[in-house]
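Residue numbers (the UniProt record's numbering): 1 to 239.
To keep things clear, I will list the structure first and then write my remarks on it.
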């Protein structure tokens, strides 16, 4: 069925399946899904543990703008939230606003915005959403930039972010084009290049400052990445 409005379902209990865009999602309590205008979708309750849910349909000029700033989209139309009681209270408030007067319209609008503020919050999204993936990669890059001079490993990064190491490696490469290891090496070499050009530090000191205890290992890696040995790189900049 095709609609000309946005529709969001939120599951209170049980399970069911949501089909859209050639994909099927099995969902349960604390999860929900978005159906966008002109988007084909259908859904069905589980036979053994049928779901109960609430839904809200809406449209408006601001909706698309809000969605673009969130992790919810046609590509990632499902969400999870740990704010079940609050969401139920939002629906209850909307159900109460049944009169067609200004007071109830404002009451309904306020409850709708409260509901959207919870489900569109990136912290409510599942780790598989594009927005959440971007946050993990962003946090990983920040951690690398602050700790590149240490014996940094992918395991440490994943542990810091509390996610699986293989998952981190996949989303990092999908986003940046580099594996985490490659990114660390590239960042170290870029930093080393700056120090070679702008400081009078010795090569041993530069090697240590970018995380290499062995200056020969540093020299080999620098030449591999930058195309010239560290000393040659410094001489090039002097010419």
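Ideal Cβ positions, reconstructed from N, Cα and C, are used throughout, including at glycine.
{"Item": "When DSSP labels each residue in this structure, what does residue 86 get in the three-state scheme?", "Value": "helix"}
{"Item": "Quick one: Cα of residue 75 to Cα of residue 85, how far?", "Value": "27 Å"}
{"Item": "Given this structure, state the Cα-to-Cα distance separating residue 216 from residue 231, to the nearest angstrom.", "Value": "12 Å"}
{"Item": "If residue 32 and residue 9 are in contact, beta carbons under 8 Å, what's the gap, nearest whole angstrom?", "Value": "5 Å"}
{"Item": "Should residue 188 go down as buried or exposed, given a rule of 16 or more other Cβ atoms within 10 Å for buried?", "Value": "buried"}
{"Item": "Within this structure, are the beta carbons of residue 43 and residue 17 separated by less than 8 Å?", "Value": "yes"}
{"Item": "Quick one: any contact between the region 165-173 and the region 132-152, if contact means 3 or more CB pairs under 8 Å?", "Value": "yes"}
{"Item": "Within the same chain, show all residues whose beta-carbon is closer than 6 Å to that of residue 63, passing over the 5 residues directly before and after it, in chain order.", "Value": "6"}
{"Item": "Tell me the DSSP secondary structure of residue 18 in three-state form.", "Value": "strand"}
{"Item": "With 16 as the cutoff for other CB atoms within 10 Å, does residue 113 come out buried or exposed?", "Value": "exposed"}
{"Item": "Taking 7 Å as the limit between beta carbons, can you name the residues of its chain near residue 226, skipping five residues before and five after?", "Value": "189, 193 and 233"}
{"Item": "Run through DSSP, which three-state label would residue 76 get?", "Value": "coil"}
{"Item": "Looking at residue 211 and residue 150, is the spacing between their C-beta atoms short of 8 Å?", "Value": "yes"}
{"Item": "Please report how far the alpha carbon of residue 57 lies from the alpha carbon of residue 97, in whole angstroms.", "Value": "15 Å"}
{"Item": "Only counting the same chain, and skipping five residues up and downstream in sequence, which positions put a Cβ closer than 8 Å to that of residue 148?", "Value": "184, 187, 188, 191, 210 and 211"}
{"Item": "Which whole-angstrom value describes the C-beta separation of residue 13 and residue 55, a residue pair presumed to lie in contact below a C-beta threshold of 8 Å?", "Value": "Not really, about 15 Å apart at Cβ, beyond 8 Å."}
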